[in-house]
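This report refers to the structure that appears directly beneath it.
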Amino acid sequence: MKIAYFTMEIGLNESIPTYSGGLGILAGDHIKSAADIGIPLVAVSLLYKRGYFMQNINPMGWQEEMYPYFDPRAFMEPLPMKVAVLINGRDVQVGVWKYTYEGLKGKVPVYFLDADLEDNTADDRLITQHLYGGDSHTRICQEAILGIGGYRVLKRLEKGITTYHMNEGHSAFITLALYHDLDGDVDQVRDHCTFTTHTPVPAGHDLFPYDMAEESLGEFLPPEIREFAGEDDLNMTRLALNLSRACNGVSELHGEVTREMFPGYEIGHITNGVHHLTWTGPDYARLFDQFLPQWREYPEVLEAATT
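By the count of the numbering used here, the sequence shown reaches residue 314 at its end, each step adding exactly one.
Spelled out as structure tokens, the structure:
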């Protein structure tokens, strides 16, 4: 068994600007926890060289946004490979950077996808520059690189993947990549996919007009796409729900809200957690080392601190 974890943002290190909020922090904690307990997992995200943004308040009291350049070479290694994703009739070349997180019992490789290559047009090089930047067209291009490009990268680099996990609907194009590889066998696609949804409001679920999607992705969209992703617009959450064997919200209440938003689907819940080693301050860590010496490897012993 090996799990491939796809996420639009991921917070692994405060110096790597590939996250903006809770979704990315949670993704980073998933990776760290998997490495600590030895779960066979690999992760895929996008490399944002201009990140989200840094906020500054100017002397007039107005917020200003800055997008400093991030040089990934200090944190990860470029791999000697590229994959192509057909977007708007052009083969967009996608490079790969590898970051390895080493935990208590294992390592998790994280593959960052980068369209900022000389092979690409000036516009295509901008696709992966900013996290959550640009318009809907930029977003669908980013999600194509994440889902389709990421799937193709793993086909070449990682053997034995049994489950593709989508952390939010951004990466749902994985399902269509599998659909093509499995000759349209929907049951097999579902057997390979799981999905976590995080957002309890409609605005958090990506919708793309079908004319835009067809122009951007062309024949990659199967004839049955409206059956999978909704009749009116291409709904990435609905695409993930329809082509996954298991779906969950991130708390009991959120599971209830999500079932109301998407009636007819079996949606469970798994309450969010944190990576305890990341979020324990040094003073408390020393205290736990003294009185709860197994806490690093077995965080459940921390329950004793409240009894």
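Where a beta carbon is used, it is the ideal one built from N, C-alpha and C, also for glycine.
Enumerate in chain order the residues of its own chain whose CB-to-CB distance from GLY18 is below 6 Å, with the five nearest sequence positions on each side excluded.
TYR26, GLY31, ILE32, GLY35
Residues near LEU153 in its chain [Cβ-Cβ closer than 8 Å; skip 5 each side]
PHE13, MET15, VAL51, SER52, LEU53, LEU120, HIS177, SER178, PHE180
Can you check which of these residues, GLY262, ASP130, LEU309, LEU294, is closest to GLN149 by C-alpha distance?
ASP130
Would you decide whether ARG245 is buried or exposed? Buried here means 16 or more other CB atoms lie within 10 Å of its CB.
buried
Ignoring anything shorter than 4 residues, give me the alpha helix (DSSP H) runs that lie fully in the region 232-306, in order along the chain.
232-236, 243-249, 259-268, 283-286, 289-298
Could you give the distance in angstroms between the alpha-carbon of LEU93 and the alpha-carbon of MET73?
31 Å
For LYS56, count the other beta carbons within 10 Å of its own beta carbon; 16 or more makes it buried, fewer makes it exposed. Which is it?
buried
Span of the alpha helix (DSSP H) around SER143:
143-151
Cβ shell of ILE277 (< 6 Å), same chain only, five flanking positions each side left out
ASN255
Using 8 Å for Cβ pairs, my map puts ILE38 next to VAL101. What's the rounded Cβ distance?
Contact doesn't hold; Cβ gap of about 21 Å is too wide.
State yes or no: is the C-beta of HIS199 within less than 7 Å of the C-beta of TYR171?
yes
Using the DSSP secondary-structure output, state which residues sit across from LYS105 in a beta bridge.
GLU84, TYR118
Do the region 182-196 and the region 248-264 make contact, defined as three or more Cβ pairs closer than 8 Å?
yes
Suppose contacts are defined by Cβ-Cβ distances below 7 Å. Is PHE77 in contact with GLY58 by that definition?
yes
Check for me: the beta strand (DSSP E) holding LEU214 runs from which residue to which?
214-216
Can you give me the C-alpha to C-alpha distance between VAL90 and PHE215, rounded to a whole angstrom?
24 Å
HIS283 beta carbon less than 7 Å from that of PRO306:
yes
Is the closest heavy atom of the ligand FAD to the C-beta of PRO79 under 6 Å?
Only the bare structure without any ligand can be found here, which leaves the ligand FAD out of the picture.
Does HIS172 come out as helix, strand or coil in the three-state DSSP assignment?
strand
Specify the secondary structure class of THR14 as computed by DSSP and reduced to three states.
strand
Would ASN174 pass as a contact of THR204 if the rule is Cβ separation under 7 Å?
no
Mind checking MET8: buried by the 16 CB within 10 Å criterion, or exposed?
exposed
Based on Cα-Cα distance, which residue from HIS212, ALA210, ASP240, TRP302 lies nearest to GLU221?
ASP240
Please return the same chain residues whose Cβ sits closer than 7 Å to the Cβ of VAL308, not counting the five positions on each side in sequence.
LEU299, GLN301, TRP302
Residue from ILE155, GLU238, ARG233, LEU161 whose Cα sits closest to the Cα of LEU183
ILE155
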